[in-house]
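Trainee:
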Amino acid sequence: MAFLEIRGVSKSFNLNGKSRSGSALPVLRDINLAINEREFVCIVGRSGSGKTTLISLVAGLIEPDQGEILLEGKPIQGPDPERGVVFQNYSLLPWMTVFENVHLGVDAVASELTAKEKRERTEHYIKLVNLGNAAGKRPLELSGGMRQRVAVARGLAMDPKVLLMDEPFSALDALTRATLQEELARIWTETKKTVVMITNDIDEAILLADCIYPLTSGPGATLGPAIAVASAHPRSRQQLSRESQYQQLRRDMIGALVSGPRTGNEPHTERGSTVTAASN
Amino acid sequence: MTRRIDFATVVLPILGLGVMLLIWTILSTTVARDLPSPMKTWEESKQYILNPFFKDGEMNQGIGRFAFLSLVRVAKGFLLAIVIGTPLGFLLGLSAFFHRTFDPVIQILRPISPLAWLPLGLVIFRQSEPAAIFTIAICAMWPTVINTAVGVRSISPEYLNVGRVLKLSRMKTLRRIIIPATLPYVFTGYRLSLGLAWLVIVASEMLTGAPGVGGFLWQEYNSLVYSHILLSIITIGLIGFSLDRLMGVVERRFKTA
Numbered sequence: 001m002a003f004l005e006i007r008g009v010s011k012s013f014n015l016n017g018k019s020r021s022g023s024a025l026p027v028l029r030d031i032n033l034a035i036n037e038r039e040f041v042c043i044v045g046r047s048g049s050g051k052t053t054l055i056s057l058v059a060g061l062i063e064p065d066q067g068e069i070l071l072e073g074k075p076i077q078g079p080d081p082e083r084g085v086v087f088q089n090y091s092l093l094p095w096m097t098v099f100e101n102v103h104l105g106v107d108a109v110a111s112e113l114t115a116k117e118k119r120e121r122t123e124h125y126i127k128l129v130n131l132g133n134a135a136g137k138r139p140l141e142l143s144g145g146m147r148q149r150v151a152v153a154r155g156l157a158m159d160p161k162v163l164l165m166d167e168p169f170s171a172l173d174a175l176t177r178a179t180l181q182e183e184l185a186r187i188w189t190e191t192k193k194t195v196v197m198i199t200n201d202i203d204e205a206i207l208l209a210d211c212i213y214p215l216t217s218g219p220g221a222t223l224g225p226a227i228a229v230a231s232a233h234p235r236s237r238q239q240l241s242r243e244s245q246y247q248q249l250r251r252d253m254i255g256a257l258v259s260g261p262r263t264g265n266e267p268h269t270e271r272g273s274t275v276t277a278a279s280n
Numbered sequence: 001m002t003r004r005i006d007f008a009t010v011v012l013p014i015l016g017l018g019v020m021l022l023i024w025t026i027l028s029t030t031v032a033r034d035l036p037s038p039m040k041t042w043e044e045s046k047q048y049i050l051n052p053f054f055k056d057g058e059m060n061q062g063i064g065r066f067a068f069l070s071l072v073r074v075a076k077g078f079l080l081a082i083v084i085g086t087p088l089g090f091l092l093g094l095s096a097f098f099h100r101t102f103d104p105v106i107q108i109l110r111p112i113s114p115l116a117w118l119p120l121g122l123v124i125f126r127q128s129e130p131a132a133i134f135t136i137a138i139c140a141m142w143p144t145v146i147n148t149a150v151g152v153r154s155i156s157p158e159y160l161n162v163g164r165v166l167k168l169s170r171m172k173t174l175r176r177i178i179i180p181a182t183l184p185y186v187f188t189g190y191r192l193s194l195g196l197a198w199l200v201i202v203a204s205e206m207l208t209g210a211p212g213v214g215g216f217l218w219q220e221y222n223s224l225v226y227s228h229i230l231l232s233i234i235t236i237g238l239i240g241f242s243l244d245r246l247m248g249v250v251e252r253r254f255k256t257a
């Protein structure tokens, strides 16, 4: 039995954003996914393909119209810290310091710990993302990259069964993004969490994931067949670029993303060495 | 560069003040001959300004003493306004039911002038002091109520989602997320409320004859000492300006985003 399973999930929105079965816009249709424990899965899709909707469904923030989502065989019911989320942006509470933001997550899940243990756990995860010196700062004093590090630390510090990441690095500049991706690769190798990460960056997916699922373009997006990435963790860009299968993987990914129902106005872009399935 | 800033921040405001004094002088020597000129106003007012805390009877005190009396009254009314207004605003923002029920009432009460509330206060309390404070509170409350409610309703859904994923209790969500996220709006409300409270003080002191800047103004009008009307007006303006600046500083301290 898979650790996390999505079974035949569909979701529609009507135009003012509320879910309804009538004359609604289908966003996701018949999504099926099975993820093993300690697996890093990337779901790659273009902007507007329903990626955030999918992660919100798994997080329990919205409910599917059809189908069900199971964690360890049990259907999920609403949001729960067992499914931690690293949001795309703006999810740090600006009135709290880095420490307080991470501590909020620890405090919410680890009621059995003493105050001192909670503090230590908070500090541990802040150090893990290399922010030891910034613990007392507020999000507004941090760069975008540092803020997302805090978000990752908060997600990990909750010690969730699954960590859901919704395009965590998409708002960052290319260099910062590359650094954070390689650091996430290192952190994941250390912690071995089950991770579902949404991204529009094919290279990011290849760098991090054991298994990549392309999400076809919406409306009515669905998952294409999985593409496995066999290289050992943690990977680095240099190492990947030397592997012959890397170029083949990228070609497969682009093929999978292009073959879906096309809307026609969102061609995939290819700039230099970065391939993205349309940037946000 | 610094010279330019000095020009903009020091020279121009002084110029504006000069123009104002010039217009005042011209008016007092041409069309409005009963209006005391700036010099005459200064001559007749200087004992109130240079010796601001003398007391020579209830309605003959230094301007500092009158200002203090008015400020105490405003402080009481303003505190009452925010103590009632802040929770009311949170309730309106948090509960659609509460909003539907009470928003129409609030929209009707909001535009009522202090001149209309004061007699009602006198009827209810039978004393001028509580009536004045009641009037200040009920007039000054609305910006706090409305800003707080708007602040609660415009909390970014991302922040609320953080609370949902962590399964924070209702109380904890309120304490850790909703209240801090709303504070900047609340303090904007407080600043506007304090401005209104200061506007209302003059009207309520005029009608009740209570000692204070407004009461002094009305008494001096009746005693035909027009220069003291101007003294009161300038005092009211300067204090109102200072209060707004003071609340502006407080407001900025709570800006988080």
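Going line by line, the protein sequences match chains R and Y. Quick note, the first sequence lines up with residues 1 to 280 if you use my numbering. Quick note, the second sequence lines up with residues 1 to 257 if you use my numbering. Note that CB positions come from ideal geometry on N, CA and C, so glycine has one too.
Roughly how far, in whole angstroms, is the beta-carbon of R/D65 from the beta-carbon of R/S143, given that I think they are within contact range, below 8 Å?
Mentor: Numbered from 1 along the first sequence, position 65 holds the residue referred to as residue 65 of chain R. Numbered from 1 along the first sequence, position 143 holds the residue referred to as residue 143 of chain R. No, R/D65 and R/S143 are not in contact; Cβ-Cβ is about 40 Å, not under 8 Å.
Trainee: Are the beta-carbon atoms belonging to Y/P201 and Y/V74 less than 9 Å from one another?
Mentor: As a first step, residue 201 of chain Y must be located in the second sequence, where it is residue number 201. As a first step, residue 74 of chain Y must be located in the second sequence, where it is residue number 74. According to the sequence provided, residue 201 of chain Y is Ile. The question's Pro does not apply to it. Yes, they are a contact pair.
Trainee: By DSSP's criteria, R/F40 is part of a beta bridge. Which residues make up the other side?
Mentor: The residue given as residue 40 of chain R occupies position 40 in the first sequence. R/F40 is bridged to R/V195.
Trainee: For Y/E58, decide whether its Cβ has a neighbour in chain A, counting only Cβ atoms nearer than 9 Å.
Mentor: This model lacks chain A altogether, as its protein chains are R and Y.
Trainee: If the cut-off is 9 Å on Cβ atoms, which residues from the region 169–200 of chain Y count as contacting chain R, listed in chain order?
Mentor: Listed in sequence order: K172, R176, I177, P180, A181 and L183.
Trainee: Give me the DSSP bridge partner(s) of R/L71.
Mentor: Working through the first sequence from its first residue, we reach residue 71 of chain R at position 71. In DSSP, R/L71 forms a bridge with R/L4 and R/K74.
Trainee: Decide if the region 162–170 of chain Y is in contact with the region 207–226 of chain Y; the criterion is three or more beta carbon pairs, one per stretch, under 8 Å apart.
Mentor: No, they do not touch.
Trainee: Identify which residue in Y/L88, Y/A140, Y/T30 and Y/K55 has its Cα closest to the Cα of Y/K76.
Mentor: To locate residue 76 of chain Y, count along the second sequence from 1; it is residue 76. Ranking the options by Cα distance to Y/K76, first place goes to Y/A140.
Trainee: So with Cβ pairs under 9 Å, would you call R/S244 a contact of chain Y?
Mentor: Walking along the first sequence from the start, residue 244 of chain R turns up at place 244. Cβ-Cβ to chain Y under 9 Å: no for R/S244.
Trainee: Can you name the start and end residues of the alpha helix (DSSP H) that Y/D103 belongs to?
Mentor: Residue numbering aside, residue 103 of chain Y sits at position 103 when the second sequence is read from its first letter. From DSSP, the alpha helix (DSSP H) with Y/D103 extends over A96 to L109.
Trainee: Under 9 Å, Cβ to Cβ, is there at least one residue of chain Y near R/D159?
Mentor: Within the first sequence, numbered from 1, the residue matching residue 159 of chain R stands at position 159. No, its Cβ sits nowhere closer than 9 Å to a Cβ of chain Y.
Trainee: Take Y/W24 and list the residues in its own chain whose beta-carbon comes closer than 6 Å to its own, dropping the five residues that flank it on each side.
Mentor: Taking the first residue of the second sequence as position 1, residue 24 of chain Y is located at position 24. The residues are P38.
Trainee: Does Y/R164 get closer than 9 Å to chain R when you measure Cβ to Cβ?
Mentor: Here residue 164 of chain Y refers to the residue found at position 164 when the second sequence is read from its first residue. Chain R, which has a Cβ nearer than 9 Å to the Cβ of Y/R164, makes this yes.
Trainee: Within 10 angstroms of the Cβ of R/N14, are there 16 or more other Cβ atoms? Answer buried if so, exposed if not.
Mentor: Numbered from its first residue, the first sequence carries residue 14 of chain R at position 14. Counting Cβ neighbours within 10 Å, R/N14 comes out exposed, since fewer than 16 surround it.
Trainee: Tell me which same chain residues have a C-beta within less than 8 Å of the C-beta of R/V27, skipping the five on either side of it?
Mentor: As a first step, residue 27 of chain R must be located in the first sequence, where it is residue number 27. Counting only Cβ-Cβ distances below 8 Å, and skipping sequence neighbours, we find K11, S12, F13, G50, T53, G218, P219, G220 and A221.
Trainee: With DSSP as the reference, label Y/Q61 as helix, strand or coil.
Mentor: Along the second sequence, one-based indexing puts residue 61 of chain Y at 61. In the structure shown, Y/Q61 sits in a strand (DSSP, three-state: E or B).
Trainee: Drop a sphere of 10 angstroms on the beta-carbon of R/L257, count the other beta-carbons inside from all chains shown, and report buried for 16 or more, exposed for fewer.
Mentor: Taking the first residue of the first sequence as position 1, residue 257 of chain R is located at position 257. Buried.
Trainee: Quick one: is Y/F134 buried, meaning 16 or more other Cβ sit within 10 Å of its Cβ, or exposed?
Mentor: For the purposes of this step, residue 134 of chain Y is identified with residue 134 of the second sequence, where counting begins at 1. The residue in question, Y/F134, is buried, as its Cβ has 16 or more Cβ neighbours within 10 Å.
Trainee: I'd like the span of the alpha helix (DSSP H) that includes R/M96, first residue to last.
Mentor: Locating residue 96 of chain R in the first sequence gives position 96, counting from the first residue. Note, R/M96: premise wrong, no alpha helix (DSSP H); not H, not E.
Trainee: Does the Cβ-Cβ distance between R/I43 and R/I198 come in under 9 Å?
Mentor: In the first sequence, counting from the first residue as 1, residue 43 of chain R sits at position 43. In the first sequence, counting from the first residue as 1, residue 198 of chain R sits at position 198. Contact flag set, yes.
Trainee: How would you list, in chain order, the residues of chain R whose beta-carbon sits under 9 Å from the beta-carbon of Y/N161?
Mentor: As a first step, residue 161 of chain Y must be located in the second sequence, where it is residue number 161. Chain R residues near Y/N161: S56, A59, L61, P79, V85, F87 and S91.
Trainee: Pull up the distance between the alpha-carbon of R/V102 and that of Y/L120, whole angstroms please.
Mentor: Mapped onto the first sequence, residue 102 of chain R falls at position 102. Mapped onto the second sequence, residue 120 of chain Y falls at position 120. Cα-Cα distance, rounded: 53 Å.
Trainee: In the region 187–201 of chain R, which residues sit with their C-beta less than 8 Å from some C-beta in chain Y, listed in chain order?
Mentor: Result list empty, no residue passes.
Trainee: Give a yes or no on whether the C-beta atoms belonging to R/M158 and R/V196 are separated by under 9 Å.
Mentor: Walking along the first sequence from the start, residue 158 of chain R turns up at place 158. Walking along the first sequence from the start, residue 196 of chain R turns up at place 196. Cβ atoms of R/M158 and R/V196: not closer than 9 Å.
Trainee: Which residue's Cα is closest to the Cα of R/I31: R/E100, R/T216 and R/Q148?
Mentor: Counting from 1 along the first sequence, the entry for residue 31 of chain R is found at position 31. Cα-wise, what sits closest to R/I31 is R/T216.
Trainee: The region 98–118 of chain R: which residues have C-beta closer than 8 Å to a C-beta of chain Y, in chain order?
Mentor: The region 98–118 of chain R vs chain Y, Cβ under 8 Å: L104, G105, A108 and V109.
Trainee: For the beta strand (DSSP E) that contains R/G84, what are its first and last residues?
Mentor: The residue given as residue 84 of chain R occupies position 84 in the first sequence. Per DSSP, R/G84 belongs to the beta strand (DSSP E) from R83 to V86.
Trainee: From this set, Y/W198, Y/L224 and Y/S227, which residue's C-alpha is nearest Y/S242's C-alpha?
Mentor: Translated into positions along the second sequence, residue 242 of chain Y becomes position 242. Checking every option, the nearest Cα to that of Y/S242 belongs to Y/W198.
Trainee: Closest to Y/V105 by CA distance: which of Y/M171, Y/Y190, Y/I146 and Y/L21 is it?
Mentor: In the second sequence, counting from the first residue as 1, residue 105 of chain Y sits at position 105. Ranking the options by Cα distance to Y/V105, first place goes to Y/I146.
Trainee: List the endpoints of the continuous beta strand (DSSP E) containing R/L223.
Mentor: Here residue 223 of chain R refers to the residue found at position 223 of the first sequence. R/L223 -> no beta strand (DSSP E), and no H or E assigned at all.
Trainee: Using a threshold of 9 Å, state whether the C-beta atoms of R/V98 and R/A59 are closer than that.
Mentor: Numbered from 1 along the first sequence, position 98 holds the residue referred to as residue 98 of chain R. Numbered from 1 along the first sequence, position 59 holds the residue referred to as residue 59 of chain R. Not in contact: R/V98 and R/A59 (Cβ atoms no closer than 9 Å).
Trainee: In angstroms with no decimal places, state the Cα-to-Cα distance between R/G105 and R/R154.
Mentor: Taking the first residue of the first sequence as 1, we reach residue 105 of chain R at position 105. Taking the first residue of the first sequence as 1, we reach residue 154 of chain R at position 154. Approximately 6 Å, taken between the alpha carbons.
Trainee: With 9 Å as the threshold, decide whether the Cβ of R/M96 is near any Cβ in chain Y.
Mentor: Translated into positions along the first sequence, residue 96 of chain R becomes position 96. So, interface residue.
Trainee: For R/L140, which residues from the same chain have a beta carbon less than 7 Å from its beta carbon, with the 5 sequence-adjacent residues on both sides left out?
Mentor: As a working mapping, residue 140 of chain R is identified with position 140 in the first sequence. For R/L140, where only same-chain residues beyond five positions count, the Cβ hits under 7 Å are P94.
Trainee: Indicate whether Y/S154 and Y/Y190 have their beta-carbon atoms separated by less than 9 Å.
Mentor: By 1-based counting over the second sequence, the position of residue 154 of chain Y is 154. By 1-based counting over the second sequence, the position of residue 190 of chain Y is 190. No, these two residues do not count as a Cβ contact at 9 Å.
Trainee: To the nearest angstrom, how far is it from the Cα of R/G45 to the Cα of R/P214?
Mentor: The residue given as residue 45 of chain R occupies position 45 in the first sequence. The residue given as residue 214 of chain R occupies position 214 in the first sequence. Between R/G45 and R/P214, the C-alpha separation is close to 6 Å.
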